[in-house]
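**Q** Take a look at the following structure, please.
Numbering (this note's numbering), first residue to last: 53 to 153.
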């Protein structure tokens with residue numbers, strides 16, 4: 053997870069700031085940063101809850117972490133599927149430059 057987070061940050065900031073007017077750049081940057089923080093906090097909360105719930109069950113230990121990793125894998129798969137569906141529909145075509153160049 054930690055190897056991909058750097059690429060995620062760079063991609064998110066690049067996508068949000070590429071066509072931003074100078075007056076909106078700070079707002080867009082702040083929104084991306086805020087949602088990264090909220091997403092990370094929510095992810096830790098959900099996975100900790102799943103692991104903690106399984107730890108208090110009759111079969112603690114490996115089972116708890118297997119459940120948490122299964123939930124994490126399902127969330128990652130849902131995110132990948134969402135990206136695969138949305139990215140082609142949102143891709144922008146390059147605008148023609150004035151003068152034909």
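Ideal Cβ placement from N, Cα and C applies to all residues, glycine included.
This structure is a prediction, so every number in the text was calculated from the model and none was measured.
#1: Taking contact to mean at least 3 C-beta pairs separated by less than 8 Å, is the segment 95-102 in contact with the segment 70-87?
#2: For the alpha helix (DSSP H) containing residue 93, name the first residue and the last one.
#3: Let me know the secondary structure DSSP gives residue 125 once reduced to three states.
#4: Select from 63, 120, 129 the residue whose C-alpha is nearest the C-alpha of residue 88.
#5: Mapping the DSSP letters down to three states, classify residue 132 as helix, strand or coil.
#6: Helix, strand or coil, according to DSSP, for residue 72 in the structure here?
#7: Rounded to the nearest angstrom, how far is the Cβ of residue 103 from that of residue 119, given a contact under 8 Å?
#8: Drop a sphere of 10 angstroms on the beta-carbon of residue 129, count the other beta-carbons inside from all chains shown, and report buried for 16 or more, exposed for fewer.
#9: Please determine, among 121, 100, 61, the residue with the shortest C-alpha to C-alpha distance to residue 83.
**A** The relevant details are as follows:
#1: Taking one beta carbon from each stretch, the segment 95-102 and the segment 70-87 have fewer than 3 pairs nearer than 8 Å; the two do not touch.
#2: It spans 77-107 - the alpha helix (DSSP H) in which residue 93 sits, taken as one unbroken run.
#3: Note: residue 125 maps to helix in three-state DSSP.
#4: Comparing Cα-Cα distances from residue 88 to each of 63, 120, 129, the minimum goes to 63.
#5: It is helical.
#6: Residue 72: coil per DSSP, three-state reduction.
#7: Correct: roughly 7 Å between the Cβ atoms.
#8: When all chains shown are included, residue 129 counts as exposed.
#9: Cα-wise, what sits closest to residue 83 is 61.
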